[in-house]
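> Before anything else, here's the structure in question.
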Amino acid sequence: MGSSEERVVAVIMVGGPTKGTRFRPLSLNIPKPLFPLAGQPMVHHPISACKRIPNLVQIYLVGFYEEREFALYVSSISNELRVPVRYLREDKPHGSAGGLYIFRDLIMEDNPSHIFLLNCDVCCSFPLTEMLEAHRRYGGMGTILVIKVSAESANQFGELVADPDTKELLHYTEKPETFVSDLINCGVYIFTPDIFSAIQNVSVQRKERANLRRVSSFEALQSITKIIPSDFVRLDQDILSPLAGKKQLYTYQTLDFWEQIKTPGMSLKCSELYLAQFQITSPHLLANGDGKKTATIKGDVYIHPSAKIHPTAKIGPNVSISANARIGPGARLISCIILDDVEIKENAVVIHSIVGWKSSIGKWSRVQAEGDYNAKLGITILGESVIVEDEVVVISSIILPNKTLNVSVQDEIIL
Amino acid sequence: MKALILVGGFGTRLRPLTLSVPKPLVDFANKPMILHQIEALKAIGVTEVVLAINYQPEVMMSFLKDFESKLGIKITCSRETEPLGTAGPLALARDKLIDESGDPFFVLNSDVICEYPLEQMIKFHKAHGGEASIMVTKVDEPSKYGVVVMEETTGKVEKFVEKPKIFVGNKINAGIYLLNPSVLDRIQLRPTSIEKEVFPKIAAEQKLFAMVLPGFWMDIGQPRDYITGLRLYLDALRKNTSSKLSSGSHILGNVLVHETAVIGEGCLIGPDVAIGPGCVVEAGVRLSRCTVMRGARIKKHACISSSIIGWHCTVGQWARVENMTILGEDVHVCDEIYSNGGVVLPHKEIKSSILKPDIVM
């Protein structure tokens, strides 16, 4: 395989508005894949990892959001990275393999030797180049990024068994009830174009089965609506499970971090992981300051160049501040995401919280939570345009957009 | 004239502050509670104050020794070896209270804070010519207290009704009495109640008169009432001697700042705040409805409301202390900590937030 003739295409599955409801209230304003982690849209992190793959010719984002929701981002990131990025809209959800399959002609236009498939809502270091090298060594149709997790948490994911020597995928099962393995699927794959034939086979088989049922069984007729449409193909159950142990699929284990980004709480955790990764990949994105001419900075902090931070403020660790935010004198920010156009006034304190677009936090007010990323109210979230008046305290609460708080709240969801 | 101040016991309701000093020595508006009373007594010519006390008399006396000479007033102690109720201590101190002059003497409850219109009380006592005078004060919820039923015009007391279930009046015993020495003949040396056993008998003989206390009144024996009491006290100070209150663009409402306290830039202080001697309030601090006692330091950008900060405490940068947080002596709240109603015993360091009202042992 001469690497100079290889061409790589990456496909990132971004989902759609009916998915990601657990990410509310933040997903009420913005498609979840565009929510900023470490100051960059969630999807930016896999995209910039793809950019580092040699011979990458094209990145596709596949989902069922409206085209216009991604138009601006796609054009700016294409310019920035000098790699063509294109959004492909599914008319309805097709499953992760099905979504790939319906765009097979477009994807194959560049005649790629390898196709990366990434889920947008995972947070990891995306060791794609290393994965590609491993994939070439294995010589199979596909390689899955895997990670070892605690035995207690494994059943929330796809559990799999791999051959310790050859790394071949021997067994795959999605969210099993009983323990199978502590090795799980990270939602990052590399395939040869043969994957399309594999998906087609599933699709064809399913169509045949459905036809068979339709003529042979009255019972099946009654439950016909429950039958999965033939163009809906899940990667895990429909492809990985049946092909395990057939010397076609292999695994590449990452020893770095990996998290799934399902909830706003996890977005704060993942923001922290990405900020830490910036120390290696993009140190220029991390803020510095000693409190003399600029604000005091502690730990990993991202500040958008257009944000204004008063020199007496103290920021960090794990803080991301988006465009046009204004942080007033004596404000203190710890472990939080401050979105566009937010104003934080004098001496206000924000800890373990996400402050939504255009929100305002009054003087000496306090927005805080305990910082348990997995608990329902473990971080405080203010939706868009929430006003917290002077000296008000908001603890472990979720505030939906456009609310004004003039009294303190604790452990509440304010609709 | 002489006076007896009923000091009483452990002051448990005002813990954790009373774990460090006896209750009468807890500062209120930058002055130990008992000095408010002693100064008022001195001002109308009282020459000797007897403290009826059953806990730590040594601590009290060693503290008050200084004031004896400073104020030119004799302070002595009458120690109960067992609790004697509200009347028994008078019998115990009988010899100290009676002298050849035959003058009436004052009895004050040490928990009470008011404007002490004692001069008016003396006039009232002389005018009615009875055996005893008591101050009464109007309250919103008389059912919680002992109500004094009296003739409105003359003030002659008819009866006492303890915690009335149906409305009989809204004037309650304010804990300030002016008594002729003959009252002492009615009290035996045993645990006994002045409201239940002594006053009703004098009233029955039509020799007990009540004067409605002008101005505010508060029993500051517990933290919530202590904070309310400070507001009332500062309101009265505004009316009477407003020069003692601070002013400036960083001051909101009534604020009392000791001359040795230091306030940083960009603070907003008030309303209803007392800052004691030697306190340091750093830049960008917000204080409202609170007391900061001697030697405390409030670090930059901290925010305190509706709380009591005990002696020599520190409150860290960006900390927030509120909702009846009571910090005992020498408590240190670390940077960025939130205390929502934390009651903290002396000499503790608070390293994690107290999100709901709780006691830190």
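Line by line, the protein sequences are chains A and B.
For the first sequence, the residue numbers in our numbering are 956 to 1370.
For the second sequence, the residue numbers in our numbering are 79 to 439.
Idealized CB from N, CA, C, for every residue including glycine.
Look at the Cβ atom of I1276 (chain A), then the Cβ atom of I1289 (chain A), and state whether they are nearer than 8 Å.
For the purposes of this step, residue 1276 (chain A) is identified with residue 321 of the first sequence, where counting begins at 1. For the purposes of this step, residue 1289 (chain A) is identified with residue 334 of the first sequence, where counting begins at 1. Not closer than 8 Å, so no.
> When you compare each of A:Y1020, A:N1243, A:A1004 to S982 (chain A) by their alpha carbons, which one comes out closest?
The residue given as residue 982 (chain A) occupies position 27 in the first sequence. Looking at the Cα atoms, A:Y1020 is the closest of the given residues.
> State yes or no: is the beta carbon of I1179 (chain A) nearer than 8 Å to at least one beta carbon in chain B?
For the purposes of this step, residue 1179 (chain A) is taken as the residue at position 224 of the first sequence. Confidence is the limiting factor: at I1179 (chain A) the pLDDT is only 47, short of 50, which leaves the residue's position unreliable and the question unanswerable from this model.
> Leaving out the 5 sequence neighbours to the left and right, which residues in its chain are closer than 8 Å to P278 (chain B) when beta-carbon positions are compared?
Locating residue 278 (chain B) in the second sequence gives position 200, counting from the first residue. The residues are K237, F238.
> Using CA coordinates, which residue listed in A:M1096, A:I985, A:P991 is at the minimum distance from R1023 (chain A)?
Translated into the one-based positions of the first sequence, residue 1023 (chain A) becomes position 68. Per the Cα distances, A:I985.
> Would you say W389 (chain B) faces chain A, with C-beta separation under 8 Å as the test?
Within the second sequence, residue 389 (chain B) is the residue found at index 311, counting from 1. Answer no: the Cβ-Cβ gap between W389 (chain B) and chain A never drops below 8 Å.
> How is the beta strand (DSSP E) around H1069 (chain A) delimited, first residue to last?
On the first sequence, position 114 is the one that residue 1069 (chain A) refers to. Here the beta strand (DSSP E) through H1069 (chain A) covers 1069-1074.
> For the beta strand (DSSP E) that E1114 (chain A) lies in, which residues bound it at each end?
One-based indexing of the first sequence puts residue 1114 (chain A) at position 159. Its beta strand (DSSP E) spans residues 1113-1117.
> Output yes if chain B places a C-beta closer than 8 Å to the C-beta of I1353 (chain A); else output no.
By 1-based counting over the first sequence, the position of residue 1353 (chain A) is 398. I1353 (chain A) does not count as touching chain B.
> Cβ closer than 7 Å: which chain A residues qualify as neighbours of H379 (chain B)?
Residue 379 (chain B) sits at position 301 when you count from the first residue of the second sequence. The answer, in chain order, is G1285, R1287, N1302.
> Tell me whether the region 1124-1141 of chain A and the region 1038-1052 of chain A touch, counting them as touching only if at least three CB pairs, one residue from each stretch, are closer than 8 Å.
Too few Cβ pairs lie closer than 8 Å, so no.
> Are any of the Cβ atoms in chain B nearer than 8 Å to that of Q1323 (chain A)?
Position 368 of the first sequence, counted from the first residue, corresponds to residue 1323 (chain A). Closer than 8 Å: yes.
> Going by beta carbon distance, what residues of the same chain come within less than 6 Å of S1281 (chain A), once the five residues before and after it are set aside?
Counting from 1 along the first sequence, the entry for residue 1281 (chain A) is found at position 326. For the sequence presented, residue 1281 (chain A) should be read as Arg rather than Ser. Closer than 6 Å at Cβ, skipping near neighbours: K1263, E1298.
> Taking the straight line between their C-alpha atoms, what separation do you get for N248 (chain B) and N1361 (chain A)?
Here the question's residue 248 (chain B) lines up with position 170 in the second sequence. Here the question's residue 1361 (chain A) lines up with position 406 in the first sequence. Their backbone Cα atoms lie some 36 Å apart in a straight line.
> One question on the structure: do I329 (chain B) and I347 (chain B) come within less than 8 Å of each other, judged by their Cβ atoms?
On the second sequence, position 251 is the one that residue 329 (chain B) refers to. On the second sequence, position 269 is the one that residue 347 (chain B) refers to. In this structure, I347 (chain B) lies closer than 8 Å to I329 (chain B) by Cβ.
> For chain A, find out if any of its Cβ atoms is closer than 8 Å to the Cβ of G233 (chain B); answer yes or no.
Position 155 of the second sequence, counting from 1, holds the residue named residue 233 (chain B). Chain A contact via Cβ: absent.
> From what residue to what residue does the alpha helix (DSSP H) around C1225 (chain A) run?
The residue labelled residue 1225 (chain A) in the question sits at position 270 within the first sequence. Segment 1219-1236, the alpha helix (DSSP H) holding C1225 (chain A).
> Where do the N-terminal and C-terminal ends of the beta strand (DSSP E) with V1274 (chain A) fall, by residue?
Taking the first sequence and counting its residues from 1, one reaches residue 1274 (chain A) at position 319. Element bounds for V1274 (chain A): 1274-1276.
> To the nearest angstrom, how far is it from the Cα of K1217 (chain A) to the Cα of L1332 (chain A)?
The residue you call residue 1217 (chain A) lines up with position 262 of the first sequence. The residue you call residue 1332 (chain A) lines up with position 377 of the first sequence. Answer to the nearest angstrom: the Cα atoms are 14 Å apart.
> I'd like to know if the region 297-311 of chain B and the region 89-104 of chain B are in contact, where contact means that at least 3 CB-CB pairs between them fall below 8 Å.
Touching, per the Cβ criterion.
> Take S453 (chain B) and list the residues in its own chain whose beta-carbon comes closer than 6 Å to its own, dropping the five residues that flank it on each side.
Shown here, chain B extends from 79 to 439; a query on residue 453 (chain B) therefore has no answer.
> Under the three-state reduction of DSSP, which class applies to E427 (chain B): helix, strand or coil?
Counting from 1 along the second sequence, the entry for residue 427 (chain B) is found at position 349. Of the three classes helix, strand and coil, the one that applies to E427 (chain B) here is strand, per DSSP.
> I want to know whether the region 1319-1336 of chain A touches the region 1302-1311 of chain A - three or more CB-CB distances under 8 Å.
Contact between the region 1319-1336 of chain A and the region 1302-1311 of chain A is present, because at least three Cβ pairs lie under 8 Å.
> Within 8 Å (strictly less), CB to CB, does V1349 (chain A) reach chain B?
As a working mapping, residue 1349 (chain A) is identified with position 394 in the first sequence. It does not; no Cβ of chain B falls within 8 Å.
> Does any residue of chain A have a CB that is nearer than 8 Å to the CB of E343 (chain B)?
Within the second sequence, the letter at position 265 stands for residue 343 (chain B). Not one chain A Cβ lies under 8 Å of E343 (chain B).
> Among A:Q1203, A:G1053, A:T1133, whose alpha-carbon lies nearest the alpha-carbon of R1161 (chain A)?
Within the first sequence, numbered from 1, the residue matching residue 1161 (chain A) stands at position 206. It is A:G1053.
> Under the DSSP definition of a beta bridge, which residues are partnered with K80 (chain B)?
Translated into the one-based positions of the second sequence, residue 80 (chain B) becomes position 2. Answer is B:E126.
> Taking 8 Å as the threshold (beta carbon to beta carbon), is E193 (chain B) in contact with chain A?
Against the second sequence, residue 193 (chain B) aligns to sequence position 115. Judged by the 8 Å Cβ criterion, E193 (chain B) is not in contact with chain A.
> Using only CA atoms, which one of A:H1069, A:Y1328, A:K1201, A:N1279 lies nearest to L1087 (chain A)?
Taking the first residue of the first sequence as position 1, residue 1087 (chain A) is located at position 132. It is A:H1069 whose Cα lies nearest to the Cα of L1087 (chain A).
> Give the DSSP-derived three-state secondary structure of N187 (chain B) in the structure shown.
Within the second sequence, numbered from 1, the residue matching residue 187 (chain B) stands at position 109. Correct three-state label for N187 (chain B): strand.
> Within 10 angstroms of its Cβ, does G326 (chain B) collect 16 or more other Cβ (buried), or is it exposed?
In the second sequence, counting from the first residue as 1, residue 326 (chain B) sits at position 248. Exposed: under 16 other Cβ atoms inside 10 Å.
> From the beta carbon of L302 (chain B), is the nearest beta carbon of chain A less than 8 Å away?
If you number the second sequence from 1, residue 302 (chain B) lands on position 224. A small fix is needed here, since residue 302 (chain B) is Arg in this sequence, not Leu. Not closer than 8 Å to any Cβ of chain A, the Cβ of R302 (chain B) fails to qualify, so no.
> Short of 6 Å in beta carbon distance, which residues of its chain neighbour P355 (chain B), apart from the five on each side in sequence? Order them along the chain.
Start at 1 with the first residue of the second sequence, and residue 355 (chain B) comes out as number 277. Only H336, T338, R372 meet the Cβ criterion.
> Quick check: does the Cβ of V104 (chain B) come within less than 7 Å of any heavy atom belonging to the ligand ADP?
You won't find the ligand ADP in this model; it holds no ligand whatsoever.
> Rounded to the nearest angstrom, how far is the Cβ of K285 (chain B) from that of A210 (chain B), given a contact under 8 Å?
Taking the first residue of the second sequence as 1, we reach residue 285 (chain B) at position 207. Taking the first residue of the second sequence as 1, we reach residue 210 (chain B) at position 132. Rounded, the Cβ-Cβ distance is 7 Å, consistent with contact.
> Does the Cβ of S1261 (chain A) have 16 or more other Cβ atoms within 10 Å, making it buried, or fewer, making it exposed?
As a position in the first sequence, residue 1261 (chain A) is number 306, starting the count at 1. When all chains shown are included, S1261 (chain A) counts as exposed.
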